[in-house]
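> Here the sequence shown is numbered in my numbering, starting from 58 and rising by one per residue. Take a look at this one; I'll ask things after.
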Amino acid sequence: MKKKVLSAVLSVAMVASLLVGCGGAADSGATTDAPAEEAPAEDTAADDAAADDAAADDAAADDAAADDAAADDAAADDAAAPAGGGKVGVSMPTKDLQRWNQDGANMESELKEAGYEVDLQYASNDVQTQLSQIENMISGKCDVLVIAAIEGSSLGEALDMAKDAGIPVIAYDRLLMDSDAVSYYATFDNYKVGTVQGEYVKEQLDLDNAEGPFNIEFTAGDPGDNNAGFFFNGAYDVLKEYIDSGKLKVVSGQTKFDDVATPTWATDVAQSRAENILSSFYSDGTNVDVWLCSNDSTALGVENALAANYNGTYPIITGQDCDIENTKNMIAGKQSMSVFKDTRTLASQVVKMVGQNLTGAEVDVNDTETYNNNVITVPSYLCEPVFADANNYKELLIDSGYYTEDQLK
Ligand code: BGC
58 MKKKVLSAVL SVAMVASLLV GCGGAADSGA TTDAPAEEAP AEDTAADDAA
108 ADDAAADDAA ADDAAADDAA ADDAAADDAA APAGGGKVGV SMPTKDLQRW
158 NQDGANMESE LKEAGYEVDL QYASNDVQTQ LSQIENMISG KCDVLVIAAI
208 EGSSLGEALD MAKDAGIPVI AYDRLLMDSD AVSYYATFDN YKVGTVQGEY
258 VKEQLDLDNA EGPFNIEFTA GDPGDNNAGF FFNGAYDVLK EYIDSGKLKV
308 VSGQTKFDDV ATPTWATDVA QSRAENILSS FYSDGTNVDV WLCSNDSTAL
358 GVENALAANY NGTYPIITGQ DCDIENTKNM IAGKQSMSVF KDTRTLASQV
408 VKMVGQNLTG AEVDVNDTET YNNNVITVPS YLCEPVFADA NNYKELLIDS
458 GYYTEDQLK
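What follows is the structure in structure tokens.
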């Protein structure tokens, strides 16, 4: 019963948040409003950044609130290409994961609609390929570069070339690290993605009242992706007090980001680690109550491992992206939730940024403190993530036109 009421509340909140759109000023989602537990983080390299992020959240949200109405009015004008048009290079990491295909397609169509020429490239998750694709975009005289990096710190050479050529660089979704050649960053609030997952687990298990203990395992993302630490820390910071008190037991003992990370976010890597954990710690009939996965590709690996190697009570499993396969699993009860990051809103925001860059208009940002790339703090625009589950996916994903009903069959 409690579960149902919670879901209903969250559904309403979610849809409200969706209507507000990117950078939702109303910040109305019950989940997204949940304050991060600011327990001192001690486990990962990204801890400081994550803590700063939590601190910056409120200010950023307030700024966004004040700015949004005005920004929305200006949006249409800003997105339009300047009189002479312009060429935009869009570098995406891989076609292997659904989300980047959507991001690339959204960017391409929105940019074309606004009057730009577009050079869209996917790099097959190969850093050298991404480097040379970007270099070609520069020599092909792109006016702006939009880059979702495979590995945030490996594109220095190409970024230097862009800077020398006077080409603004917008980091898309993932921060470009170790370079002063990054002009802007547009992403979702990555720390909040993690807190939404942690809060979901907290609510579902009623951790403040239930006796427990509950068993939990973590699966995080790619150490080469600056986002991965934010996601993990956001979730961990919410759950830490319960882990410390013993209400949540990490049976494998693996709580450090480096131990639970998944290079390249690969499903098969997450699957084999989950298989090892299940055979080492759960083969005696011990139940795993929660598997906190940072995103959908890793959740899928865990779900595959559970299907083949586990007979206990099915755990709460978190994810991110609302990939089609994972959404189907949510509907089938094999995944509990997924954080929904509407790639359409991120693409619109970035197209707006491109226009603002090229016309010399003021660039719309709502966070100037959180995302330090080891050289500079990159002015950022953070969109709001929301939460999807089997109860609200119809409103969130189908009614909004993100998927058709047939795609989820
Ligand atoms: C993105 C996530 C995605 C992951 C794997 C991250 O940088 O923010 O949405 O699941 O990469 O592609």
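A virtual CB, placed ideally from N, CA and C, is assigned to each residue, including glycine.
Considering Cα atoms alone, identify which of Ile224, Ser189, Thr400 is closest to Asn158.
The candidate whose alpha carbon is nearest that of Asn158 is Thr400.
> Bridge partners for Ser395 per DSSP, in chain order?
Ala445
> Among Ile381, Thr461, Thr343, Ala205, whose alpha-carbon lies nearest the alpha-carbon of Tyr371?
Thr343
> Quick check on this structure: which residue in Gly223, Asp279, Glu256, Gly458 has the alpha carbon closest to the alpha carbon of Glu298?
Glu256
> Under a Cβ-count criterion, where at least 16 other Cβ atoms within 10 Å of its own Cβ denotes burial, should Lys249 be classed as buried or exposed?
buried
> Answer yes or no: the CB of Gly281 versus the heavy atoms of ligand 1, is any distance below 7 Å?
no
> Are the CB atoms of Asp160 and Ala445 within a distance shorter than 8 Å?
Going by C-beta atoms, Ala445 is not nearer than 8 Å to Asp160.
> According to the neighbour-count rule (16 or more other Cβ atoms, all chains shown, within 10 Å of its Cβ), is Ala133 buried or exposed?
A caution first: Ala133 carries a pLDDT of 48, below 50, which makes its placement in the model unreliable, though a value can still be read off. With fewer than 16 Cβ atoms within 10 Å of its Cβ, Ala133 is classed as exposed.
> Would you list the residues sitting across from Met149 in a DSSP beta bridge?
Tyr179
> Go ahead and label Gly412 buried or exposed: buried means 16 or more other beta carbons lie within 10 angstroms of its beta carbon, across all protein chains shown.
buried
> Is Lys259 near ligand 1 - that is, is its Cβ less than 7 Å away from at least one heavy atom of it?
False, no ligand heavy atom lies under 7 Å from that Cβ.
> Would you kindly work out how many angstroms separate the C-alpha atoms of Met149 and Asp183, rounded to a whole number?
11 Å
> For Gln377, write down the residues that DSSP places opposite it in a beta bridge.
Val396
> Using a Cβ-based criterion (distance less than 7 Å to any ligand heavy atom), does Lys249 qualify as near ligand 1?
no
> Residues in the same chain with beta-carbon distance under 7 Å from Lys385, minus the five sequence neighbours each way, listed in chain order, please.
Leu465
> Can we count Asn290 as close to ligand 1, meaning its CB is less than 7 Å from some heavy atom?
no
> Spell out the partners DSSP gives Trp348 in its beta bridges.
Glu274, Ile374
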